[in-house]
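Just below is one structure, and these are the notes that go with it.
Protein chains: 2
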Amino acid sequence: MELLVVLEQLVQLIRPVGGLSSAASSTLSRLGRAGPQRMTELAQAQRISQPGMTQLVTRMEREGLVRRTTSTSDRRGVLVEATEAGLDLWARMRAERADVLQELIDRLDPRDRTTISAALPVLTQLVESAYDDQPTTSATPR
Amino acid sequence: MELLVVLEQLVQLIRPVGGLSSAASSTLSRLGRAGPQRMTELAQAQRISQPGMTQLVTRMEREGLVRRTTSTSDRRGVLVEATEAGLDLWARMRAERADVLQELIDRLDPRDRTTISAALPVLTQLVESAYDDQPTTSATPR
DNA sequence: TCACGATACATAATGGGATTATGTATCTGC
DNA sequence: GCAGATACATAATCCCATTATGTATCGTGA
Numbered sequence: 001m002e003l004l005v006v007l008e009q010l011v012q013l014i015r016p017v018g019g020l021s022s023a024a025s026s027t028l029s030r031l032g033r034a035g036p037q038r039m040t041e042l043a044q045a046q047r048i049s050q051p052g053m054t055q056l057v058t059r060m061e062r063e064g065l066v067r068r069t070t071s072t073s074d075r076r077g078v079l080v081e082a083t084e085a086g087l088d089l090w091a092r093m094r095a096e097r098a099d100v101l102q103e104l105i106d107r108l109d110p111r112d113r114t115t116i117s118a119a120l121p122v123l124t125q126l127v128e129s130a131y132d133d134q135p136t137t138s139a140t141p142r
Numbered sequence: 143m144e145l146l147v148v149l150e151q152l153v154q155l156i157r158p159v160g161g162l163s164s165a166a167s168s169t170l171s172r173l174g175r176a177g178p179q180r181m182t183e184l185a186q187a188q189r190i191s192q193p194g195m196t197q198l199v200t201r202m203e204r205e206g207l208v209r210r211t212t213s214t215s216d217r218r219g220v221l222v223e224a225t226e227a228g229l230d231l232w233a234r235m236r237a238e239r240a241d242v243l244q245e246l247i248d249r250l251d252p253r254d255r256t257t258i259s260a261a262l263p264v265l266t267q268l269v270e271s272a273y274d275d276q277p278t279t280s281a282t283p284r
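Note that the protein sequences, when read in sequence, are chains R and P.
Be aware that the first sequence starts at 1, since it is given in the numbering used here, and climbs by one per residue.
Be aware that the second sequence starts at 143, since it is given in the numbering used here, and climbs by one per residue.
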């Protein structure tokens with residue numbers, strides 16, 4: 001099986017937890033961790049276009065997960081912040097995902113488990129270095 | 143960074159190669175490897191609905207990557223087969239992806255490289271066992 | 001042989017999710 | 001004050017997925 005297929009299927013297994021899409025999920029995470037954000041900040045962090053993020057925030061607002069507030073420092077823009085319900089979902093989602101992943105790993109034999117545990121930080125580093133090489137303002141690899 | 147985010151970003155790095163979406167890409171792979179397929183077979187393999195696959199095949203047909211042929215054994219259905227252009231793209235895509243991945247891995251130090259190489263088959267096994275536990279006919283985890 | 005239920009696909013309607021282009025309001029620097 | 005830049009929203013479009021439904025064909029049992 002090709003690695004890309006493996007990775008995508010792994011994502012498919014884990015992502016449904018919490019019921020949010022990828023972009024919604026990590027946008028909510030970002031708001032939870034870093035507080036209110038500008039629309040373009042969120043779009044850049046998620047590597048999608050600004051209108052794409054506008055639409056996503058609108059959907060998340062509709063579900064009560066975030067709200068738009070007025071930015072006092074610059075009236076051209078808004079700030080997006082997570083609601084209480086959003087933060088609750090975020091916390092639940094993270095816990096559930098950890099469980100799902102742990103279950104998957106638990107079915108490996110101990111040596112494979114060690115291998116995976118060692119690989120995760122390396123994968124993280126790999127991704128980070130790959131993105132560090134790309135200008136943030138360039139088009140999303142797509 | 144949360145594992146899911148890492149995985150998704152890794153997918154985002156690798157997938158653009160070849161310019162096909164995930165479903166198109168692995169559908170084309172399947173046709174290349176296993177020859178003409180029924181629509182429902184393709185849908186099941188991809189874990190999407192039949193109408194979803196109908197639409198995808200229509201789009202791929204429009205791009206000249208596949209064609210529908212009449213199934214002689216059962217006039218209710220069609221067979222989907224890859225065109226020459228489709229097979230060419232498939233071959234190119236696979237080669238390019240291998241290059242991208244190799245580049246990413248080459249920037250690791252040798253010990254991390256070994257770690258990743260050991261982890262890939264385990265990840266594969268992990269995904270396969272996870273899907274083996276789920277009835278094929280059940281809804282896609284979503 | 002015929003009728004009924006199942007199968008195989010296409011179509012319709014809908015919504016999420018992404019893009020580029022464009023519009024409107026605000027900001028900044030000359 | 002004005003021009004260019006910025007920040008977002010909106011419009012149009014396409015991909016991609018779903019469920020529901022329609023049409024044709026098949027398989028089986030009476």
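C-beta atoms are modelled at their ideal positions from N, C-alpha and C, and glycine is treated no differently.
Query - Boundaries (first-last residue) of the beta strand (DSSP E) holding E150/P - result: Boundaries for E150/P: no beta strand (DSSP E) harbours it, while the alpha helix (DSSP H) harbouring it runs L145 to I156, taken from the DSSP string.
Report task. Note down the Cα distance separating A118/R from R217/P, rounded to an integer number of angstroms. Result -> Answer to the nearest angstrom: the Cα atoms are 53 Å apart.
**Report entry** Expected contact under 8 Å - CB spacing of L265/P and L10/R to nearest Å
**Finding:** Taking 8 Å as the upper bound for CB-CB distance, L265/P and L10/R are in contact here, some 7 Å apart.
Query raised in the report: Should E150/P be flagged as near chain R, meaning a C-beta pair shorter than 7 Å?
Result: Under the Cβ distance rule, E150/P counts among the residues neighbouring chain R, one pair being separated by less than 7 Å.
Query - Interface residues of the region 88 to 111 of chain R facing chain P [CB-CB below 8 Å] - result: So the list reads R94, R97, L101, L104, I105, R107 and L108, given in the order they occur along the chain.
Query raised in the report: Would a check of beta-carbon distances place V127/R closer than 7 Å to chain P?
Result: True, the Cβ-Cβ gap to chain P drops below 7 Å.
Query raised in the report: Between L268/P, P263/P and I258/P, which lies nearest to V127/R when the distance is taken from Cα to Cα?
Result: That would be I258/P, whose Cα lies nearest to the Cα of V127/R.
Query raised in the report: How about T266/P: is its C-beta nearer than 7 Å to some C-beta of chain R?
Result: For T266/P, a Cβ of chain R is located within less than 7 Å of the residue's own Cβ.
Query raised in the report: Near L89/R, what residues of its chain come up, given a Cβ to Cβ distance below 8 Å and the 5 sequence neighbours on each side ignored?
Result: Correct list, in chain order: G18, L20, L28 and L65.
Query raised in the report: Taking any Cβ of chain P, which residues in the region 47 to 61 of chain R have a Cβ under 9 Å from it, in chain order?
Result: Those residues of the region 47 to 61 of chain R placed with their C-beta closer than 9 Å to a C-beta in chain P are R47, ordered along the chain.
Query raised in the report: How would you list, in chain order, the residues of chain R whose beta-carbon sits under 7 Å from the beta-carbon of R157/P?
Result: L4, listed in chain order.
Query raised in the report: L229/P lies in the alpha helix (DSSP H); which residues open and close that run?
Result: Its alpha helix (DSSP H) spans residues E226 to D248.
Query raised in the report: Can you list the residues of chain R that T257/P reaches, using a CB-CB cut of under 8 Å?
Result: Chain R residues near T257/P: T115, A118, A119 and V122.
**Report entry** Contacts that A224/P makes with chain R (C-beta to C-beta distance below 9 Å)
**Finding:** Residues of chain R passing the Cβ test: none, with the nearest at roughly 16 Å.
Query raised in the report: So which of L246/P, D251/P and M195/P has the shortest CA-CA distance to S167/P?
Result: By alpha-carbon distance to S167/P, the top candidate from L246/P, D251/P and M195/P is M195/P.
Query - Reference V108/R, options A185/P, S271/P and R157/P, closest by Cα - result: Checking the sequence shown, residue 108/R turns out to be Leu, not Val. Of all alpha-carbon atoms in A185/P, S271/P and R157/P, the one lying nearest the alpha-carbon of L108/R is that of S271/P.
Requested in this report: Closer than 7 Å by beta-carbon distance: list the chain R residues that pair up with A87/P, in chain order.
Outcome: Nothing about residue 87/P can be reported from this structure: the residues present for chain P run from 143 to 284 only.
Query raised in the report: So which residues of chain P does A130/R contact, with C-beta pairs closer than 7 Å?
Result: The answer, in chain order, is L155 and L246.
Requested in this report: Provide the residue(s) that pair with Q37/R in DSSP beta bridges, ordered along the chain.
Outcome: V80/R, per the DSSP bridge assignment.
Query raised in the report: Helix, strand or coil for R30/R per DSSP?
Result: Helix.
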